Amino acid sequence: MTYRNPPTTPRKSATFDDYTLSEIRRAAATGIYDIRGAGAKRKLPHFDDLLFLGASISRYPLEGYRERCDTSVVLGSRHARKPIELKIPITIAGMSFGSLSGPAKEALGRGATLSGTSTTTGDGGMTEEERGHSKQLVYQYLPSRYGMNPRDLRRADAIEVVVGQGAKPGGGGMLLGQKISDRVAEMRTLPKGIDQRSASRHPDWTGPDDLEIKILELREITDWEKPIYVKVGGARPYYDTALAVKAGADVVVVDGMQGGTAATQEVFIENVGQPTLACIRPAVQALQDLGMHRKVQLIVSGGIRNGADVAKALALGVDAVSIGTAALVALGDNDPRWEAEYNALGSTAGAYDDWHEGRDPAGITTQDPELMKRVDPIAAGRRLANYLKVMTLEAQTIARACGKNSLHNLEPEDLVALTIESAAMAGVPLAGTSWIPGKNGF
Numbered sequence: 002m003t004y005r006n007p008p009t010t011p012r013k014s015a016t017f018d019d020y021t022l023s024e025i026r027r028a029a030a031t032g033i034y035d036i037r038g039a040g041a042k043r044k045l046p047h048f049d050d051l052l053f054l055g056a057s058i059s060r061y062p063l064e065g066y067r068e069r070c071d072t073s074v075v076l077g078s079r080h081a082r083k084p085i086e087l088k089i090p091i092t093i094a095g096m097s098f099g100s101l102s103g104p105a106k107e108a109l110g111r112g113a114t115l116s117g118t119s120t121t122t123g124d125g126g127m128t129e130e131e132r133g134h135s136k137q138l139v140y141q142y143l144p145s146r147y148g149m150n151p152r153d154l155r156r157a158d159a160i161e162v163v164v165g166q167g168a169k170p171g172g173g174g175m176l177l178g179q180k181i182s183d184r185v186a187e188m189r190t191l192p193k194g195i196d197q198r199s200a201s202r203h204p205d206w207t208g209p210d211d212l213e214i215k216i217l218e219l220r221e222i223t224d225w226e227k228p229i230y231v232k233v234g235g236a237r238p239y240y241d242t243a244l245a246v247k248a249g250a251d252v253v254v255v256d257g258m259q260g261g262t263a264a265t266q267e268v269f270i271e272n273v274g275q276p277t278l279a280c281i282r283p284a285v286q287a288l289q290d291l292g293m294h295r296k297v298q299l300i301v302s303g304g305i306r307n308g309a310d311v312a313k314a315l316a317l318g319v320d321a322v323s324i325g326t327a328a329l330v331a332l333g334d335n336d337p338r339w340e341a342e343y344n345a346l347g348s349t350a351g352a353y354d355d356w357h358e359g360r361d362p363a364g365i366t367t368q369d370p371e372l373m374k375r376v377d378p379i380a381a382g383r384r385l386a387n388y389l390k391v392m393t394l395e396a397q398t399i400a401r402a403c404g405k406n407s408l409h410n411l412e413p414e415d416l417v418a419l420t421i422e423s424a425a426m427a428g429v430p431l432a433g434t435s436w437i438p439g440k441n442g443f
């Protein structure tokens, strides 16, 4: 009699999963690395791993909507004669005209203005639509210098010196030729239809001493009126924050690896940088060690999605947050109404990230005149304003439940962590214990 082993279910490798196998086949067939937009898609420790304790007997909550909970924030009060005053601590991150369409940039400005907050230009210069509809506009000063001119520096309400971006710290940007239209080419002084790669570092300075000189130059150009931000990718947040402060920054922006980008190598997005949650505590610690916490404001970005994320970031010591990908979704990007067209592009709503190809069915990450017509900047701006309103109300609800009459009164003591990793990163106790991993050598 012959005995046979019972059949087993085939087991796939956790290391060589379906996506990894498909990437190997794609690389073997094409000989080029994959380029895409958006941010890291791997699972990372994030704000979902933190919980608020709320109030019970030992803490006194505020009563619903009847007791005030302040949301305002002032950015850039260290040196600037005209700091930015915002009604809410949620700003719109830099996303360039070129990567985004003109109507999308206008919609961002409209939504931010309705909400009492600021928006940011991104690479490629300032458009009249964006300036005209943004009450508070931050002008990004990037290594590429595309579209940069002293007139627009003076027209801005603040200047953000971009050293790095969370999706690609240490790397430059990309804008493929199909998105370099006549207008984009003119603004960036580039040939139409030719692929463009931005530099990974500024051409006229290489270190913190040179950055200090550059910041002084920008202050002189703008008559010391405008706040100067310095934006860094989430690589070495303690030292980068400290050096930015010593160079004279009014505001430091730290962008974690969940932050999106218009286009870069996927291997970069998924393997360089640190999670947003891991960046906050070192950046706050740097400010505290220098005696500059709350004197130099800290903004974090990368994966902010709702009011709970906002409240948790502020509880960890941040002054404001910035949103990019979430703002595009609020405008209408990756909307299931265009599912058939996303399918025709080999993708699906919610997963579409080939923004660099310029074929976005929603009309947001494109320069195609016909696709751009799908964006109504007035209606899209209202959607963004609605989203920002909900985020703010959610954050206020949590703050009141913790007994706080201001979002900025939230503190680490209000939080616990669900995992050892998030407890160590955020510097708050593991839920049900008083243990903070890594503190006092344990």
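When we follow this note's numbering, the leftmost residue of the sequence shown carries the number 2, and every step to the right adds one.
For glycine and all other residues, C-beta sits at the position ideal for the given N, C-alpha and C.
Quick caveat: nothing in here was measured; it's all calculated off a predicted structure.
Backbone secondary structure at residue i - three-state DSSP
i: Gln197; result: strand
i: Lys136; result: coil
i: Met127; result: coil
i: Ile181; result: coil
i: Tyr142; result: strand
i: Met175; result: strand
i: Asp444; result: The structure shown does not extend to residue 444, since the chain is modelled only from 2 through 443, so no value can be given for it.
i: Gly528; result: Nothing about residue 528 can be read from this structure; the chain reaches only from 2 to 443.
i: Val233; result: strand
i: Val391; result: helix
i: Thr366; result: coil
i: Ile379; result: helix
i: Val285; result: helix
i: Ile36; result: strand
i: Thr398; result: helix
i: Phe98; result: strand
i: Thr277; result: helix
i: Leu431; result: strand
Range of the contiguous alpha helix (DSSP H) that encloses residue i
i: Leu154; result: Pro151 to Arg156
i: Glu24; result: Asp19 to Thr31
i: Val268; result: Glu267 to Asn272
i: Asn335; result: Run containing Asn335: none; DSSP gives neither H nor E here.
i: Gly103; result: Gly103 to Ser116
i: Ala427; result: Ile421 to Ala427
Proximity winner among the options, relative to residue i (alpha-carbon distances)
i: Gly274; options: Ala263, Gly303 and Lys296; result: Gly303
i: Ser145; options: His203, Ile58 and Leu389; result: His203
i: His444; options: Gly167, Val164 and Gly112; result: This structure gives no information on residue 444, because the portion of the chain shown stretches from 2 to 443.
i: Leu63; options: Ala402, Asn410, Leu191 and Ala418; result: Ala402
i: Arg67; options: Ala363, Trp436 and Gln397; result: Gln397
i: Lys88; options: Ala386, Ala432, Glu414 and Leu177; result: Ala386
i: Gln289; options: Gly318, Thr190 and Phe269; result: Gly318
i: Lys313; options: Pro430, Leu278 and Asp153; result: Leu278
i: Tyr20; options: Pro370, Leu416, Glu267 and Gly439; result: Glu267
i: Pro84; options: Leu329, Gln298, Gly173 and Asn272; result: Gln298
i: Arg155; options: Gly234, Thr223, Thr10 and Tyr61; result: Thr223
i: Asp50; options: Ala424, Gly439 and Lys440; result: Ala424
i: Ala350; options: Arg338, Gly359, Arg360 and Asp310; result: Arg338
i: Val330; options: Asp310, Asp354 and Gly148; result: Asp354
i: Gly77; options: Gln137, Ala39, Gly55 and Gly99; result: Gln137
i: Ala263; options: Ala157, Ile281, Ser102 and Tyr142; result: Ser102
i: Val74; options: Pro90, Arg60 and Tyr61; result: Pro90
Beta strand (DSSP E) segment containing residue i, residue limits
i: Thr250; result: A small fix is needed here, since residue 250 is Ala in this sequence, not Thr. It is not in any beta strand (DSSP E) - Ala250 carries neither H nor E in the DSSP assignment.
i: Thr92; result: Ile91 to Ile93
i: Glu86; result: Ile85 to Leu87
i: Ile160; result: Ala159 to Val163
i: Ala461; result: Residue 461 lies beyond the range of the chain shown here (2 to 443); nothing can be said about it.
i: Leu52; result: Leu51 to Phe53
i: Leu76; result: Val74 to Leu76
Spatial distance of residue i from residue j (CA atoms)
i: Val255; j: Ala105; result: 24 Å
i: Val301; j: Lys247; result: 19 Å
i: His80; j: Asp251; result: 6 Å
i: Pro228; j: Ser14; result: 52 Å
i: Asn335; j: Ala352; result: 7 Å
i: Arg383; j: Trp436; result: 45 Å
i: Ile1; j: Glu226; result: This structure gives no information on residue 1, because the portion of the chain shown stretches from 2 to 443.
i: Pro276; j: Pro7; result: 45 Å
i: Arg295; j: Asn410; result: 12 Å
i: Tyr239; j: Ala94; result: 22 Å
i: Val391; j: Arg306; result: 11 Å
i: Ala284; j: Ser116; result: 27 Å
i: Glu213; j: Gly292; result: 19 Å
i: Gln166; j: Pro413; result: 26 Å
i: Asp71; j: Ile399; result: 12 Å
i: Asp369; j: Glu342; result: 15 Å
i: Gly347; j: Gly65; result: 47 Å
i: Pro430; j: Gly308; result: 22 Å
Short CB-CB distance (under 7 Å) between residue i and chain C
i: Ile305; result: The structure shown contains no chain C, having only a single protein chain.
Checklist entry - Could you give the uninterrupted runs of the alpha helix (DSSP H) lying entirely in the stretch 287-329, keeping only those of 4 residues or more? => result 308-316
Next on the checklist: List, from N- to C-terminal side, the alpha helix (DSSP H) runs of 4 residues or more that fit wholly inside the stretch 207-231.
Outcome noted: 209-222
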